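In my numbering, the protein residues as written are 205 to 389.
What follows is the structure, encoded as structure tokens:
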């Protein structure tokens, strides 16, 4: 696997990063720029911070990017946040609310958390992660008493919606990458 020049196991490419930013008219604010190191080797090494123009970047353990919290081991805390909503769903069920209202609450509180940026991260989930997420959906099904779409179905639906929106928008940068297939009957 070939890595891009900005992804490196050593810090030799610092000058290339600075020159690339200058060529592309990007100002690199070292005070606001953070560095997160993803090192999955068994014998992890201590990494020195990346130094740009004499200033060192801060090394961080996790980051919030586009509303998704990402840890240095590339895990997310989606399951914890979704499981916290079980309490409220159970309380609403004990109040004898009808299933359509419980389903609406589920879609607004739990499913919205589970499907947040799902197009970006679901393709890289392990089987264990998928099973954990699906367990949350099944627990909510039992609480509500109706069938809910699986996490895989939510992912597929969101991908189809995104692709459809790209195809419909000729100004989208990825519009030319999509070709419509017509089925002949």
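Just so it is clear, CB atoms sit at the ideal spot from N, CA and C, and this is done for glycine as well. These numbers were taken from a predicted model, which means no experiment stands behind them.
Member of 292, 321 and 332 whose CA lies at the smallest distance from the CA of residue 366: 321
Residue 207 by DSSP, collapsed to three states: which one? With a pLDDT of 41 at residue 207, under the threshold of 50, the predicted position of this residue should be treated as unreliable, and no value is reported.
With burial defined as no fewer than 16 other Cβ atoms inside 10 Å of the residue's Cβ, what is the status of residue 364: buried or exposed? exposed
C-beta contact flag for residue 314 and residue 331 at 8 Å: no
DSSP three-state call for residue 259: helix, strand or coil? strand
Determine the burial state of residue 293: buried for a count of at least 16 other Cβ atoms within 10 Å of its Cβ, exposed for fewer. buried
Closest to residue 239 by CA distance: which of 265, 223 and 250 is it? 265
Can you check which of these residues, 372, 347 and 383, is closest to residue 299 by C-alpha distance? 347
Should residue 341 go down as buried or exposed, given a rule of 16 or more other Cβ atoms within 10 Å for buried? buried
Output the distance between the C-alpha atoms of residue 337 and residue 227, rounded to the nearest integer angstrom. 43 Å
Which residues mark the beginning and the end of the beta strand (DSSP E) in which residue 238 is found? 238-240
The alpha helix (DSSP H) that contains residue 220, what's its start and end? 218-227
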